[in-house]
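Enquirer: To start, I am sharing the structure in question, which I have written as structure tokens.
Number of protein chains: 4
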Amino acid sequence: MEKIDVGILGATGAVGQQFIALLADHPWFRVSWLAASERSAGKRYGDLPWRLASPLSPDIARLEVAPLDALDKSPSLVFSALDASVAGEAETAFAASGRLVVSNARNHRMDPLVPLLIPEVNPDHLSLLDEQRRARGLKGTGGIVTNPNCSAINIAVVLAGLRQFEITRVLITTLQALSGAGYPGVASLDALGNVIPYIGGGEEEKIENETRKLLGTYENGSVRNAAFTVSATTTRVPVADGHTAVMSVELAKKPSIDELSAALAAFTAEPQSRNLPLAPKPPMIVHAAQDRPQPRLDVHHGRGMTVHVGRIRPCPILGYKLVALGHNLVRGAAGAALLNAELIVARQRSGSHADADRKLHAVAASGKVQPQQA
Amino acid sequence: MEKIDVGILGATGAVGQQFIALLADHPWFRVSWLAASERSAGKRYGDLPWRLASPLSPDIARLEVAPLDALDKSPSLVFSALDASVAGEAETAFAASGRLVVSNARNHRMDPLVPLLIPEVNPDHLSLLDEQRRARGLKGTGGIVTNPNCSAINIAVVLAGLRQFEITRVLITTLQALSGAGYPGVASLDALGNVIPYIGGGEEEKIENETRKLLGTYENGSVRNAAFTVSATTTRVPVADGHTAVMSVELAKKPSIDELSAALAAFTAEPQSRNLPLAPKPPMIVHAAQDRPQPRLDVHHGRGMTVHVGRIRPCPILGYKLVALGHNLVRGAAGAALLNAELIVARQRSGSHADADRKLHAVAASGKVQPQQA
Amino acid sequence: MEKIDVGILGATGAVGQQFIALLADHPWFRVSWLAASERSAGKRYGDLPWRLASPLSPDIARLEVAPLDALDKSPSLVFSALDASVAGEAETAFAASGRLVVSNARNHRMDPLVPLLIPEVNPDHLSLLDEQRRARGLKGTGGIVTNPNCSAINIAVVLAGLRQFEITRVLITTLQALSGAGYPGVASLDALGNVIPYIGGGEEEKIENETRKLLGTYENGSVRNAAFTVSATTTRVPVADGHTAVMSVELAKKPSIDELSAALAAFTAEPQSRNLPLAPKPPMIVHAAQDRPQPRLDVHHGRGMTVHVGRIRPCPILGYKLVALGHNLVRGAAGAALLNAELIVARQRSGSHADADRKLHAVAASGKVQPQQA
Amino acid sequence: MEKIDVGILGATGAVGQQFIALLADHPWFRVSWLAASERSAGKRYGDLPWRLASPLSPDIARLEVAPLDALDKSPSLVFSALDASVAGEAETAFAASGRLVVSNARNHRMDPLVPLLIPEVNPDHLSLLDEQRRARGLKGTGGIVTNPNCSAINIAVVLAGLRQFEITRVLITTLQALSGAGYPGVASLDALGNVIPYIGGGEEEKIENETRKLLGTYENGSVRNAAFTVSATTTRVPVADGHTAVMSVELAKKPSIDELSAALAAFTAEPQSRNLPLAPKPPMIVHAAQDRPQPRLDVHHGRGMTVHVGRIRPCPILGYKLVALGHNLVRGAAGAALLNAELIVARQRSGSHADADRKLHAVAASGKVQPQQA
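Residue numbers (our numbering), protein chains in the order written: chain A, 1 to 374; chain B, 1 to 374; chain C, 1 to 374; chain D, 1 to 374.
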């Protein structure tokens with residue numbers, strides 16, 4: 001099967017580079033187009049700083065970085081790693097031009113017509129994309145699909161595994177990695193040997209709100225947020241990659257600790273059954289060792305897509321306590337968007353969206369969007 | 001006024017060294033005797049590794065380290081920085097021989113006859129010492145007084161400031177410093193760029209239990225634990241000194257956020273009114289900046305005795321959220337014991353325990369316990 | 001082709017675990033036997049702590065750890081990751097019993113009859129193995145082959161690339177990673193935010209002596225050390241993996257900086273031409289960016305086997321300056337030994353040691369050494 | 001004696017804050033005026049971020065930050081912590097207006113008429129200030145005095161102690177702290193668990209050139225650089241404060257190791273004999289323990305002004321090896337400038353510059369420069 005050309009918006013930042021690394025040997029997608037802000041536009045990508053340990057492929061290094069307004073050159077599927085300061089307008093423009101924008105930016109996440117998607121958690125919310133296209137008159141495969149905040153995603157996967165027990169309240173403290181702040185991000189003098197008890201940009205509100213949309217119910221063309229209450233405190237710790245979340249959870253159905261552990265360990269979902277290329281198997285690993293999960297030992301498991309859970313035990317206040325961990329740049333950003341795109345493509349291929357699929361491939365084959373097809 | 005000679009049990013460990021550093025220029029106490037396990041006994045203290053940044057005084061360097069069973073040479077007041085594996089028996093023996101043991105070890109903390117003391121929190125619990133002497137037939141100034149676990153202490157000081165609002169539930173996640181594990185403690189390969197979501201030795205239980213004894217009520221010769229519920233998760237982060245506690249608190253009286261902040265900022269207690277040498281003024285600093293308190297910027301304030309509070313705000317689940325920070329080796333260990341001893345001496349001097357005071361000073365003047373006085 | 005069974009002596013330490021990780025999917029070798037000190041002997045390997053980020057294979061987890069004296073059960077090829085305190089005698093015993101011991105321990109490195117081998121640097125020194133067998137009456141494939149110290153190896157690879165210019169003096173400062181001290185190794189309180197300007201165990205002497213043996217000349221059954229002078233200072237820095245060496249080099253032939261760079265970039269050797277499984281291609285990467293090589297970005301390149309060189313420029317004192325970097329646990333330990341074993345097996349297979357090859361395979365096929373063949 | 005009013009140019013950066021911290025309780029100087037770039041000008045100093053662990057005094061917090069061109073309001077003595085991008089012109093303007101600028105910036109260091117001064121190394125170079133005033137027609141106490149780069153200073157103090165043995169060649173590798181790059185400086189993702197083998201801004205050239213001017217000879221109104229050769233490689237390591245320098249030194253007079261150690265330990269100079277407030281006593285500590293000096297344990301000694309030396313031993317190439325350490329923001333920046341000012345004031349007071357002294361104090365008393373006095 002021919003690979004689908006994809007573009008990356010915001011290709012030079014920390015998440016943009018992670019997209020490129022994860023797509024290096026992807027069986028379905030091929031990066032053919034890169035765009036970034038004016039500072040980098042016009043340069044050869046290989047001449048810009050590359051800050052990942054995995055080497056940059058020569059094919060990508062050769063690409064010239066396009067400006068963000070060059071949307072007529074873009075393939076029909078683009079991943080967005082844009083900064084929130086520019087993502088809002090740019091993504092809207094790409095969607096309006098018929099591109100499918102699979103975005104990691106926060107701007108459109110809480111838009112009632114935009115799916116906030118984790119394939120293991122709420123694949124049915126993808127149907128919002130049709131509503132979005134209809135309501136906004138988007139051409140062809142145009143539209144925006146988002147993934148949640150890098151902390152919210154691990155938490156939401158855990159909550160998806162607990163949904164059957166009826167979640168009522170969730171109290172969370174996160175210990176978040178430096179790479180979550182992008183590059184250059186946190187100054188080393190603030191990070192080294194220190195804890196910063198606050199993360200700007202509404203991090204706590206994102207966790208509190210996005211989890212409720214993610215675990216919400218899709219009905220009659222819209223999502224009704226889940227009814228549980230979330231309280232989050234977010235802190236920054238001197239860890240390179242991997243957000244840890246210490247969670248206390250209240251569950252109406254009062255499972256035993258063993259039942260709760262078993263439910264998380266047994267959890268599986270559509271990405272696993274569809275065998276999506278980046279789907280971790282299983283999506284969650286439940287650790288028995290008391291001192292796990294740890295960023296250093298666990299964060300790279302499953303190519304960074306696995307969510308880790310440990311220290312499952314009773315909480316004298318809310319009933320249940322546990323610790324969750326996931327790779328914030330992979331499971332929490334680039335890998336999240338990529339898995340979203342894999343779900344979309346897999347569903348199209350399996351015939352559930354046969355028409356859209358034809359369009360996307362026709363477009364992909366030509367390397368650019370052809371207006372008459374939209 | 002003549003200084004009182006004091007001894008240090010466990011003088012070679014991380015807490016023992018901190019005792020020596022804090023006592024270097026103490027106006028009331030003079031370190032005249034050091035004891036440690038057999039490995040170090042018989043050696044000149046200055047020939048053993050000194051791992052603090054503040055220099056070791058030549059007067060202390062000259063002292064020969066005594067074995068733990070040489071109690072007849074010990075002064076009448078000893079600080080114990082012993083490891084829990086040996087503290088239980090050793091402290092009992094020193095108390096039985098008429099020494100006042102002001103201990104940082106966990107062994108006797110939950111003993112109903114042993115004060116678990118924070119001078120700002122429960123100075124009235126010191127009366128247990130008389131019960132202890134009576135019940136156990138301890139000679140003269142003999143007895144054991146303890147301070148809480150290095151995490152529990154910061155939390156308890158904050159709770160003392162909130163006591164007026166009737167605490168009902170407290171949910172805590174700690175981010176604890178490496179020095180809390182002693183030396184050599186945590187392996188650097190486990191610590192660097194990592195979070196360990198578990199601390200051994202019953203750390204979480206200590207927080208859950210000690211805070212309830214600390215905030216308990218002294219009545220008729222015993223302490224009735226406070227009735228609130230505590231749930232703690234303790235983690236280790238790559239910070240040298242300073243335990244951070246992220247707290248959610250439920251209060252029956254529902255103060256406003258401003259009332260709660262004002263109460264903490266206004267909190268003061270006996271050590272401050274007595275002007276004890278090591279008493280921080282104020283005991284708590286309430287930070288307005290969202291990114292505070294931080295170990296790097298705040299932990300050395302007030303010679304390490306200040307408790308820091310920040311991020312006071314509503315919790316949608318328990319009502320109130322905040323972040324607390326304190327120096328685990330000072331406020332949480334050596335400084336805690338030292339302030340306990342200061343309170344005891346200050347009360348004696350002020351006549352409230354005139355008789356005991358005479359004994360302690362008679363003993364101190366002679367440099368050793370005189371049996372006829374006991 | 002059937003895989004050769006191999007054993008690992010000292011399988012539980014940092015280097016032992018790295019051996020297991022590197023051998024997980026090795027095309028020629030299969031780990032079938034593990035041995036360690038008494039503390040671990042008798043246990044299932046999977047029940048012991050595993051401290052690497054790459055997962056432990058279930059096949060290895062199943063193995064029971066043998067004691068170090070169980071040599072009659074060992075395969076004919078064993079890798080030694082033993083601590084120097086026990087490696088001397090144990091390796092001698094295994095060699096005497098007919099096993100080929102490919103060791104990372106320091107004990108036998110400077111033995112005139114033991115090859116101190118880096119396949120890219122001095123593959124001809126392997127002939128010492130025949131001398132060793134003859135002189136010591138070793139049975140069959142018995143013998144000891146060693147790789148150098150984890151710092152010396154990167155330096156020696158660089159010097160091999162410069163050998164054509166006649167090296168006369170080399171002045172080195174290393175900045176070494178924490179994993180070089182094993183586990184638990186350096187205490188986190190000593191490591192965090194600190195530099196320790198000394199590494200025990202004769203680290204500097206090893207660099208000064210081993211490089212001269214490695215670059216020495218094999219003639220008439222013995223190695224004559226290279227004549228250049230080496231001066232080393234070794235320091236410990238808070239890096240997990242990757243030893244950096246800042247080097248000033250004096251060369252008799254005075255190449256230009258461009259000639260020197262070109263020589264290092266063009267350097268290749270027998271492991272590359274034989275296409276050994278673990279041979280990095282090229283063995284050295286010469287970086288043009290001034291801020292490279294860096295442990296974080298470069299150390300995992302080439303599965304950790306690549307040696308990195310950067311900052312090549314004139315030294316006003318010795319003529320040439322550069323910075324080298326290599327992965328101390330892979331290129332500097334387990335990978336080094338593994339590449340040594342690959343060279344030995346590849347040479348046997350290619351007929352240069354046809355007789356030894358037959359024996360090794362006969363032994364390997366049977367799973368244990370058969371005395372009649374020795 | 002009345003305190004002298006001083007101003008600080010560049011008061012908001014890392015070095016500017018260090019000036020304020022060191023001047024908090026200075027017996028001779030009182031900070032009365034702060035200036036910074038336009039971004040901060042007009043603000044109350046206490047409203048700007050304060051990034052040091054020592055608390056900011058309320059007297060300083062109250063000051064309004066002046067713009068850099070408000071020189072008519074400045075006291076007659078100003079310390080400059082300006083960034084090199086603006087220091088050149090600004091310092092020239094302040095000097096022209098009759099202010100004595102004691103600067104940490106690099107811009108004027110190599111100016112033949114500007115003293116590059118370390119009071120322990122080359123106090124006689126201060127006479128250049130008279131040449132400077134004469135040649136440039138500076139009014140009154142106007143002029144510029146500089147201190148060297150934060151790495152060069154520790155090295156120069158060590159070399160001053162070795163000068164008697166006739167230094168011929170010095171080869172240096174530094175391991176420099178993050179605070180040397182200012183704030184925000186190095187990105188935490190580049191710093192954490194990493195070594196960067198390069199420091200921009202000509203760091204190596206500064207060490208190579210400044211040490212030769214510092215150890216140079218003042219004769220007939222100018223400084224003749226020392227004739228020895230210096231070769232430096234500078235690296236960045238994840239340490240907060242404290243630059244380590246690994247040095248190999250060639251000495252014409254070939255002292256024994258003991259003679260060299262004794263010379264460094266016995267070294268003392270004018271700041272010590274004059275008992276200047278910030279002068280460390282002794283200026284250098286020679287450590288016997290092999291694992292010292294270390295940033296964590298040693299850098300705060302002597303209020304950060306002590307230079308530490310350890311690991312003195314033979315170098316097979318240049319003769320002598322040692323490791324030096326000093327606090328880059330104190331001994332290497334703010335403290336260096338402050339000691340320079342103390343030397344100037346002390347000499348004036350002791351009558352050697354009685355006339356200038358009168359002027360400086362007249363000016364200081366009035367709080368501003370009075371043109372008629374210039």
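Note that beta-carbon positions come from the ideal geometry of N, C-alpha and C, so glycine has one too. Just so you know, these numbers come straight off a predicted model, no measurement behind them.
(1) What whole-angstrom Cβ distance do residue 174 of chain D and residue 228 of chain D have, given they're in contact under 8 Å?
(2) List in chain order: all unbroken beta strand (DSSP E) runs of 3+ residues lying wholly within the stretch 16 to 81 of chain C.
(3) Does the beta-carbon of residue 369 of chain D have 16 or more other beta-carbons within 10 angstroms, so that it is buried, or is it exposed?
(4) Do you know whose CA, among C:138, C:131, C:341 and C:120, lies nearest residue 376 of chain C's CA?
(5) Please return the same chain residues whose Cβ sits closer than 7 Å to the Cβ of residue 353 of chain A, not counting the five positions on each side in sequence.
(6) Chain C partners of residue 189 of chain A, CB-CB under 7 Å?
(7) At the 8 Å Cβ level, is residue 55 of chain C part of the contact set with chain A, yes or no?
(8) Just checking, does the stretch 25 to 45 of chain D make contact with the stretch 311 to 329 of chain D on the three C-beta pairs under 8 Å criterion?
(9) Taking 8 Å as the cut-off, does the stretch 332 to 342 of chain A touch the stretch 143 to 154 of chain A (at least 3 CB pairs, one atom from each stretch)?
(10) Could you check whether the Cβ of residue 115 of chain D sits closer than 8 Å to any Cβ belonging to chain A?
(11) Please check the pair residue 104 of chain D and residue 81 of chain D, which I expect to be a contact at CB under 8 Å, by giving their CB distance rounded to whole angstroms.
(12) Measure the alpha-carbon distance for residue 79 of chain A versus residue 342 of chain A and round it to whole angstroms.
(13) Could you pull the DSSP bridge partners for residue 176 of chain C from this structure?
(14) Drop a sphere of 10 angstroms on the beta-carbon of residue 283 of chain C, count the other beta-carbons inside from all chains shown, and report buried for 16 or more, exposed for fewer.
(15) Pair every Cβ in the stretch 202 to 214 of chain A with every Cβ in the stretch 264 to 281 of chain A, then say whether three or more of these pairs are closer than 8 Å.
(16) For a test of the three-state rule: what should DSSP assign to residue 326 of chain A, helix, strand or coil?
(17) Excluding the 5 residues flanking residue 287 of chain C on each side, which residues of the same chain have their C-beta closer than 6 Å to its C-beta?
(18) Which stretch, first to last residue, makes up the alpha helix (DSSP H) that contains residue 207 of chain C?
(19) How would you write the range of the alpha helix (DSSP H) that residue 88 of chain C sits in, first residue to last?
(20) To which residues of the same chain is residue 244 of chain C closer than 6 Å at the C-beta, ignoring the five residues directly before and after it?
(21) Could you check which residue in D:248, D:218, D:90 and D:223 has the C-alpha nearest to that of residue 172 of chain C?
(22) Would you mind reading off the limits of the beta strand (DSSP E) that contains residue 315 of chain C?
(23) Given residue 88 of chain D, which residues of its chain have a CB within under 8 Å of its CB, disregarding the five upstream and five downstream residues?
(24) Consult DSSP for residue 231 of chain B and reduce its assignment to one of helix, strand or coil.
(25) For residue 301 of chain A, which of helix, strand or coil comes out of DSSP?
(26) I'd like to confirm the pairing. Which residues does DSSP put opposite residue 219 of chain D in its beta bridges?
(27) Among B:55, B:49 and B:36, which one has its Cα closest to the Cα of residue 24 of chain B?
(28) With distance defined between alpha-carbon atoms, name the residue in C:70, C:215, C:71 and C:44 nearest to residue 59 of chain C.
(29) Starting from residue 290 of chain C, find everything on chain D with Cβ-Cβ shorter than 7 Å and list it in chain order.
(30) Take residue 226 of chain B as the anchor and find which of B:213, B:235 and B:238 has the nearest alpha-carbon.
(31) For residue 241 of chain B, count the other beta carbons within 10 Å of its own beta carbon; 16 or more makes it buried, fewer makes it exposed. Which is it?
(32) Who are the neighbours of residue 296 of chain C on chain A, taking C-beta pairs under 7 Å?
(33) Contact between the stretch 182 to 190 of chain C and the stretch 178 to 196 of chain B: three or more CB pairs below 8 Å?
(34) I'd like to know whether the C-beta atoms of residue 270 of chain A and residue 123 of chain A end up nearer to each other than 8 Å.
(35) Would you mind sorting residue 321 of chain A into buried or exposed? The rule is 16 or more other CB atoms within 10 Å of its CB.
Expert: Taking the geometry as given:
(1) Wrong, their Cβ atoms sit about 18 Å apart, outside the cutoff.
(2) 29 to 36, 65 to 67 and 77 to 80
(3) At residue 369 of chain D, the pLDDT of 35 sits below 50, so the modelled position is not reliable; the number obtained from the coordinates is stated separately. Result: buried.
(4) The structure shown does not extend to residue 376 of chain C, since chain C spans only 1 to 374, so no value can be given for it.
(5) With a pLDDT of only 49 at residue 353 of chain A, under the threshold of 50, the placement of this residue in the model should not be trusted, and no figure is reported.
(6) What residue 189 of chain A touches in chain C: nothing, since even the nearest Cβ is about 11 Å away.
(7) yes
(8) no
(9) yes
(10) no
(11) 6 Å
(12) 12 Å
(13) C:236
(14) buried
(15) no
(16) strand
(17) 293 and 310
(18) 203 to 214
(19) 84 to 96
(20) 175 and 325
(21) D:248
(22) 307 to 315
(23) 105, 107 and 108
(24) strand
(25) helix
(26) D:222
(27) B:55
(28) C:44
(29) 198
(30) B:213
(31) buried
(32) 53
(33) yes
(34) yes
(35) buried
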